[in-house]
Amino acid sequence: MGKHETLKSFYSEDTAEQRNKTKLALESLKSSVEGKEKRLILDFEDYLEIARKEPRRVFRNIFQLFSDMVTSYVGEGEDEYPNDPESIGFVKYNCSKIFEQRSDNPFFADRLFANRFIGQMRLLKQGSQQNRIYIYEGPQGCGKSTFLNNLLRTFEEYTDTEEGRTFEIFWDIKLDGKEVKVSCPSHDNPILLIPKSYRISFLDNLLSPEKLTELDYQLTHEKEYEWLFKNEACTICKSLFRALIDKVGSLDAVLKMVKVRYYKFDRRLGEGISVFNPGDKPMKEAYLTDKQIQEKLDETFGANLVKYVFSRYAKTNNGIYVLTDIKSHNKDRLLELHNVISEGVHKVNGIIEESISSLFIALMNPEDKKSIEDEKVGSLQGRIRYTKISYVLDVPTEVKIYHSIFGDQINSYFLPGVLENFARIIISSRMNSESKPLQEWIPDVKKYKKYCDESGLLLRMEIYSGVIPAWLSEEDKKGLTAKFRRRLIAQGEQEGEGGFSVRDSIRFFGEFVNRYCGKTSLANMRNVSDYFKKVLSREQRNQNIPPKFIDSVVDWYNYTVLSQIKESLYLYDKKQISENILNYLYAINYDVGNKVRCNWTQQDFEVTLELLKTTGSYFVGKELDDRNTLNLARSLQLKYVEVIAQGKESKIVETELYCNLFDSYIRHLKERTFEPFLKNNNFKDIVSSFGTKEFETFDTRLKLHVSHMIKNLIEKFNYTERGAKEICLYAVDQSLVEKFS
Numbered sequence: 001m002g003k004h005e006t007l008k009s010f011y012s013e014d015t016a017e018q019r020n021k022t023k024l025a026l027e028s029l030k031s032s033v034e035g036k037e038k039r040l041i042l043d044f045e046d047y048l049e050i051a052r053k054e055p056r057r058v059f060r061n062i063f064q065l066f067s068d069m070v071t072s073y074v075g076e077g078e079d080e081y082p083n084d085p086e087s088i089g090f091v092k093y094n095c096s097k098i099f100e101q102r103s104d105n106p107f108f109a110d111r112l113f114a115n116r117f118i119g120q121m122r123l124l125k126q127g128s129q130q131n132r133i134y135i136y137e138g139p140q141g142c143g144k145s146t147f148l149n150n151l152l153r154t155f156e157e158y159t160d161t162e163e164g165r166t167f168e169i170f171w172d173i174k175l176d177g178k179e180v181k182v183s184c185p186s187h188d189n190p191i192l193l194i195p196k197s198y199r200i201s202f203l204d205n206l207l208s209p210e211k212l213t214e215l216d217y218q219l220t221h222e223k224e225y226e227w228l229f230k231n232e233a234c235t236i237c238k239s240l241f242r243a244l245i246d247k248v249g250s251l252d253a254v255l256k257m258v259k260v261r262y263y264k265f266d267r268r269l270g271e272g273i274s275v276f277n278p279g280d281k282p283m284k285e286a287y288l289t290d291k292q293i294q295e296k297l298d299e300t301f302g303a304n305l306v307k308y309v310f311s312r313y314a315k316t317n318n319g320i321y322v323l324t325d326i327k328s329h330n331k332d333r334l335l336e337l338h339n340v341i342s343e344g345v346h347k348v349n350g351i352i353e354e355s356i357s358s359l360f361i362a363l364m365n366p367e368d369k370k371s372i373e374d375e376k377v378g379s380l381q382g383r384i385r386y387t388k389i390s391y392v393l394d395v396p397t398e399v400k401i402y403h404s405i406f407g408d409q410i411n412s413y414f415l416p417g418v419l420e421n422f423a424r425i426i427i428s429s430r431m432n433s434e435s436k437p438l439q440e441w442i443p444d445v446k447k448y449k450k451y452c453d454e455s456g457l458l459l460r461m462e463i464y465s466g467v468i469p470a471w472l473s474e475e476d477k478k479g480l481t482a483k484f485r486r487r488l489i490a491q492g493e494q495e496g497e498g499g500f501s502v503r504d505s506i507r508f509f510g511e512f513v514n515r516y517c518g519k520t521s522l523a524n525m526r527n528v529s530d531y532f533k534k535v536l537s538r539e540q541r542n543q544n545i546p547p548k549f550i551d552s553v554v555d556w557y558n559y560t561v562l563s564q565i566k567e568s569l570y571l572y573d574k575k576q577i578s579e580n581i582l583n584y585l586y587a588i589n590y591d592v593g594n595k596v597r598c599n600w601t602q603q604d605f606e607v608t609l610e611l612l613k614t615t616g617s618y619f620v621g622k623e624l625d626d627r628n629t630l631n632l633a634r635s636l637q638l639k640y641v642e643v644i645a646q647g648k649e650s651k652i653v654e655t656e657l658y659c660n661l662f663d664s665y666i667r668h669l670k671e672r673t674f675e676p677f678l679k680n681n682n683f684k685d686i687v688s689s690f691g692t693k694e695f696e697t698f699d700t701r702l703k704l705h706v707s708h709m710i711k712n713l714i715e716k717f718n719y720t721e722r723g724a725k726e727i728c729l730y731a732v733d734q735s736l737v738e739k740f741s
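Once you know that position 576 of the sequence shown is 576 in full-length UniProt numbering, the rest is easy, because the numbers rise by one and skip nothing.
The structure is reproduced here in structure tokens:
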């Protein structure tokens, strides 16, 4: 069979419906591409109409545009303590739309960095902040390049939306039978074509009083719109404007040849975004031009009247110019930027002065800082704004990195809290062991040894995450003033330069998963301790992880899970407890041996020493002898008399006395309920058999309590049934009851 016959046979098998689907797919593609990729060209008057309606969106330079992008995608942030009078605005920003979503290689911003970054972006709009180079400094492996790539990618995407679009000049000149189309290589905003001396009065006439007042406020208070009244169009556009005015003599005719189109940012083409690596060799050409355009301009206006020449900086005017590392050729590029940054101008071919207003960004390793600190660039130092990108210092962000690499399903291999504790040990290597602000705030951190290490690293990790731990005393919570918060956060800004890098932590976590996860049991803290103490080399451990820190994390975890099991095992009847307390409060007003009827419970009973002793022991948490039983009863009877004196007898359950007794009763009842079960020889067996037929062979009371415990561990503390069983067995195997009794 020949080639044509084969194709004929192939197509003959297609139905008309299938061929129509192909046509529809192409039509849909055509509509999408033409609607998005084809640049709409507006008349100058149409542009002004849009500006009249939305001046804040239309009149934006690169700094305003970039700041708006960040604000749009991140928002105001969430303050978990909105009514805290000592708040310093250290809030939770969700940066995922910028650094994570739609990214093949996401960057994860911890709370410390997010607050630094957002603070810088808010200042970016101010005119005083715009003659700067913004250097992001951090150790190798901290994610600087990933941060930059995602930031630029998101910016490109933003400028492709209605909200993020900005405008540039495009000339469509038709004169004396000649036609020439000229793009503004500097991507100038079309409003700059209005001569500077006429611009204020023009905007007065164009904008409504309300819009004008809004712009004026931003101009006078933050110099945000200073460029709108100070800047001029590029030399090419200015020359064209003058040449056309001279030639046609009519402003109206000139403006009809001014067109406006969207500024298309494209990193790969170097339009609006240029990124230079240290190995990229400098251009040999001193300036850029377009021979065909220059010839047409010469034909139209005369030789050299309008010179279509510009520098490489014009491509990123009103755009972003990036140096990825201050090494090799990039060091030279930085030195060349000195005048461009400080003065905002650049000489093209030694004659033409070109205005440049770009967002200059650089990435730098700490060891390269000395490259720009020599005498040659001393005056440049005042133009540099450093922002640190350190290794992650808060637990939720470190855990997000593990999820990103290994998948969200990784949680199913760990008991609750264990994955987070792996992250805490990694983060401890990046922190300073000593903290002067912490020592001044809480001189004796050891009083929290059940919850925290002796250096307070665990406490500082919580603060870096924006959390004020519930286990702090009320006195220490009040002592966490704005002054101490600023000092603690300031210390966090200086940490994260050493210790385990992100690459290290991913490698370690991968080793841990391969060794301990997916086995017969879920990964627990015994596995974590074993990994860092026995698998990780002694040199790596001793050089990075603070002494005793691993043990502190294990102890804190053990105390936490023991408390969870106690809370879950506790099976009580609130109504019965309330009746016991009310009967007791009624009984202490009578002598032992009296038979009484409680006015609150309507129950008849005899006041006995045993009744007072049994209920009283739950108030104090220990067994009472006869003397202490009567002493307690007399003490509480005096407090009861005060309640009567205040006329609160009818609302006894709302009094402070009743509430305190109820809380004490429950707290001590939990302890009494818990210990006998964990010390019961059958406890391990009945927990292990939960969910099997063997479970039915055990004592009914034991089954009731264990079923209640498993149910609560699942519902209150996010365990699976398997995890709930394993954590109970872990508590028994680690003798946690004896350890914390």
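C-beta atoms are modelled at their ideal positions from N, C-alpha and C, and glycine is treated no differently.
Remember, it's a predicted structure, so these values are computed and weren't measured experimentally.
Consult DSSP for residue i and reduce its assignment to one of helix, strand or coil.
i, result
"D84", "coil"
"Y263", "coil"
"Y287", "coil"
"M461", "helix"
"W171", "strand"
"I588", "coil"
"E375", "With a pLDDT of 47 at E375, under the threshold of 50, the modelled position of this residue cannot be trusted; read the value that follows with caution. Correct three-state label for E375: helix."
"L269", "coil"
"K178", "strand"
"F605", "strand"
"K144", "helix"
On a CA-only basis, which of the options is nearest residue i? Give me that one, please.
i, options, result
"L657", "L582, A114, F508", "L582"
"E45", "T692, L251, N589", "L251"
"V322", "F147, D476, L175", "F147"
"P195", "L255, P396, T154", "L255"
"V180", "I133, G272, K296, K125", "K296"
"E137", "S183, D325, L212", "D325"
"T608", "S617, I588, A523, V348", "I588"
"N317", "E232, Y158, S505", "E232"
"R102", "V392, Y158, T397, T166", "Y158"
"E497", "A490, S465, D476, R430", "R430"
"L152", "L244, K566, I320", "I320"
"D332", "I361, P282, V306, I352", "P282"
"residue 754", "E454, I426, G479", "Lying before the first or after the last residue shown, residue 754 is absent from the chain, which here runs from 1 to 741."
"W171", "C184, G499, D160", "C184"
"Q540", "L571, F500, I565", "F500"
If you draw a straight line from the alpha carbon of residue i to that of residue j, how long is it in whole angstroms?
i, j, result
"N205", "F117", "38 Å"
"V502", "F690", "41 Å"
"C142", "V70", "21 Å"
"L415", "L24", "52 Å"
"S87", "E156", "35 Å"
"S342", "Q126", "16 Å"
"V620", "T629", "10 Å"
"K315", "F422", "47 Å"
"R56", "L215", "8 Å"
"T481", "N339", "45 Å"
"H668", "E495", "43 Å"
"D368", "K533", "35 Å"
"I50", "Y391", "45 Å"
"L488", "R538", "31 Å"
Counting only the same chain and skipping the five closest in sequence on each side, list residues whose C-beta sits under 6 Å from that of residue i.
i, result
"F107", "F99, G143, T146, F147, N150"
"Y73", "K97, I98"
"G272", "F265, G319"
The ligand FAD and residue i: does the residue's C-beta get closer than 6 Å to at least one heavy atom of that ligand?
i, result
"S183", "The ligand FAD is absent from the structure shown, which contains no ligands of any kind."
List the residues that DSSP assigns as beta-bridge partners of residue i.
i, result
"T387", "Y136"
"Y321", "S274, F360"
"E354", "H346"
"T523", "In the sequence as presented, Thr is not what sits at residue 523; that position holds Ala. In DSSP, A523 forms a bridge with F414."
"L42", "V260"
"E78", "K92"
To which residues of the same chain is residue i closer than 8 Å at the C-beta, ignoring the five residues directly before and after it?
i, result
"I410", "Y402, H403, L419, V513, C517"
"V643", "E649, I652, T655, L657"
"R132", "I341, F360, R383, I384, R385"
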